[in-house]
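Only one structure is covered here, and it is reproduced in the block below.
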Amino acid sequence: MTRRGGKCPLTAKENHSEQPAASYVLHYYPSPNSLKVIILLKELELDWEGRYVDLAAGDQLTSEFAAMNPNCKVPVLESSIGEVLFESGAILEFLAERFDRFMGANDHERWQCKQWLYWQMSALGPIAGQAHHFRKFAPEHVPYAIRRYTDESHRLYGVLNERLSQSPWLCGSYSVADMAVWPWLVHADWQGQRVSEFPALADWYQAMQSRSAVAAAWRSYPTREIPPEDYGILLNQRANATNPSE
Ligand SMILES: N[C@@H](CCC(=O)N[C@@H](CS)C(=O)NCC(=O)O)C(=O)O
């Protein structure tokens, strides 16, 4: 984690006892990766403010944004004590560990939580993201890619359904792993899927929706589609894409 001001970053363990009364700024766009962090901020009832990043206008490609996240993507979390962190999975772990909440009720669950969190970050997110891309945004119709990512999304929904038929929550108790997955299922239709086809997944989906923090996050920050006329900046980036106007 970057810590402005030059001092060594505090570790999560050090922070447990202190639970610093920091406030937070979340640089976000209404998309699944931002929504998962918003759900956690609401679950923890933290003092935070959302700062909208206009992806279609290229706000993420400015040198100011790149100084916070060299990968030039949302979400980015900043704290009032100078910490800056990117990657939604890392942000979820950071806050969960800092406040000692939502990482499982014991050591076994804690590792189950990390396992499902990494599964979301490495499998569900990237595959569903490519399904969105080829089914909705790609300027060319590519049947192979559409079939590949639609089928793989379907397989991953099956993996979730199997797990959730053994346990009401992914790691045993409600955790950041559930918060990471749910926002990717909200637009199941964008991936060519129906949650209702998977009974245990559908029950879990309902349970998520009934949580007041999840409902409040969705009410205030519903994920939305970028209109086709604004895709340009998102679809044509190569290395050194930062600072297009500088
Ligand atoms: N692995 C990253 C992915 C972040 C990501 O892809 N963010 C998208 C919005 S969901 C973004 O900022 N896109 C802007 C761009 O590609 O220029 C995370 O989970 O934080």
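Sequential numbering from -16 applies to the sequence shown in my numbering.
Even glycine gets a Cβ: it sits at the ideal position worked out from N, Cα and C.
Given the structure is predicted, the values throughout are model-derived calculations rather than measurements.
Exercise. Measuring CB to CB, does Ser71 end up less than 7 Å from Val8?
Worked result: As a position in the sequence shown, residue 71 is number 88, starting the count at 1. As a position in the sequence shown, residue 8 is number 25, starting the count at 1. No, the pair does not count as a contact, with Cβ atoms beyond the cut-off.
Exercise. Does the stretch 34 to 47 come close enough to the stretch 86 to 102 to have 3 or more Cβ pairs within less than 8 Å?
Worked result: no
Exercise. Do we get a CB-CB distance below 7 Å when we pair Ala50 with the residues of chain B?
Worked result: Protein chain content of the structure displayed is limited to a single chain, and chain B is not contained in it.
For this session: Starting from Gly65, follow its DSSP beta bridges and name the residues at the other end.
Result: For the purposes of this step, residue 65 is taken as residue 82 along the sequence shown, with counting starting at 1. For Gly65, which the question treats as bridged, DSSP gives no partner whatsoever.
Exercise. Would the C-beta of Ser179 count as close to ligand 1, meaning under 6 Å from any of its heavy atoms?
Worked result: Working through the sequence shown from its first residue, we reach residue 179 at position 196. False, no ligand heavy atom lies under 6 Å from that Cβ.
Problem set entry | Terminal residues of the beta strand (DSSP E) in which Gly72 lies | Locating residue 72 in the sequence shown gives position 89, where the first residue counts as 1. Here Gly72 belongs to no beta strand (DSSP E); instead the alpha helix (DSSP H) covers 71 to 82.
For this session: Report, in whole angstroms, the separation of the C-beta atoms of Pro151 and Ala190, which I expect to be a contact under 8 Å.
Result: Taking the first residue of the sequence shown as position 1, residue 151 is located at position 168. Taking the first residue of the sequence shown as position 1, residue 190 is located at position 207. Pro151 to Ala190, Cβ: 7 Å. Contact.
Exercise. Are three or more beta carbon pairs between the stretch 131 to 138 and the stretch 43 to 63 nearer than 8 Å?
Worked result: no
Exercise. With DSSP run on the structure shown, which of helix, strand or coil describes Val178?
Worked result: Taking the first residue of the sequence shown as 1, we reach residue 178 at position 195. Helix.
For this session: Return yes when at least one heavy atom of ligand 1 lies under 6 Å from the C-beta of Leu217, else no.
Result: Translated into positions along the sequence shown, residue 217 becomes position 234. Leu217 Cβ: within cutoff of ligand 1.
For this session: Report whether the distance from the Cβ of Val159 to the nearest heavy atom of ligand 1 is below 6 Å.
Result: As a working note, residue 159 is residue 176 in the sequence shown. Relative to ligand 1, even the nearest heavy atom lies 6 Å or more away from the CB of Val159.
Exercise. Among Ala185, Val169, Ile216, Asp186, which residue has its Cα nearest to the Cα of Arg202?
Worked result: For the purposes of this step, residue 202 is identified with residue 219 of the sequence shown, where counting begins at 1. It is Val169 whose Cα lies nearest to the Cα of Arg202.
Exercise. According to the Cβ coordinates, are Leu107 and Asn144 closer than 7 Å?
Worked result: One-based indexing of the sequence shown puts residue 107 at position 124. One-based indexing of the sequence shown puts residue 144 at position 161. No.
Exercise. For His10, which beta-bridge partners are listed by DSSP?
Worked result: Locating residue 10 in the sequence shown gives position 27, where the first residue counts as 1. Beta-bridge analysis with DSSP links His10 to Arg34, Val59.
For this session: Would you kindly work out how many angstroms separate the C-alpha atoms of Phe82 and Gln95, rounded to a whole number?
Result: Counting from one through the sequence shown, the residue named residue 82 turns up at place 99. Counting from one through the sequence shown, the residue named residue 95 turns up at place 112. The alpha-carbon atoms of Phe82 and Gln95 are separated by roughly 19 Å.
Problem set entry | Uninterrupted alpha helix (DSSP H) stretches inside the stretch 117 to 174 (no shorter than 4 residues) | DSSP runs (the alpha helix (DSSP H)) wholly in the stretch 117 to 174: 126 to 147, 159 to 168.
For this session: Report yes if the C-beta distance between Phe85 and Val159 is below 7 Å; otherwise report no.
Result: As a first step, residue 85 is located in the sequence shown; it is residue number 102 there, counting from the start. As a first step, residue 159 is located in the sequence shown; it is residue number 176 there, counting from the start. Yes.
Exercise. Relative to the C-alpha of Asp161, which residue among Tyr127, Phe120, Ala79 is closest?
Worked result: In the sequence shown, the residue the question calls residue 161 occupies position 178. Comparing Cα-Cα distances from Asp161 to each of Tyr127, Phe120, Ala79, the minimum goes to Ala79.
For this session: Report the option in Trp31, Tyr204, Val67, Glu32 whose CA atom is closest to the CA atom of Glu47.
Result: Counting from one through the sequence shown, the residue named residue 47 turns up at place 64. Per the Cα distances, Val67.
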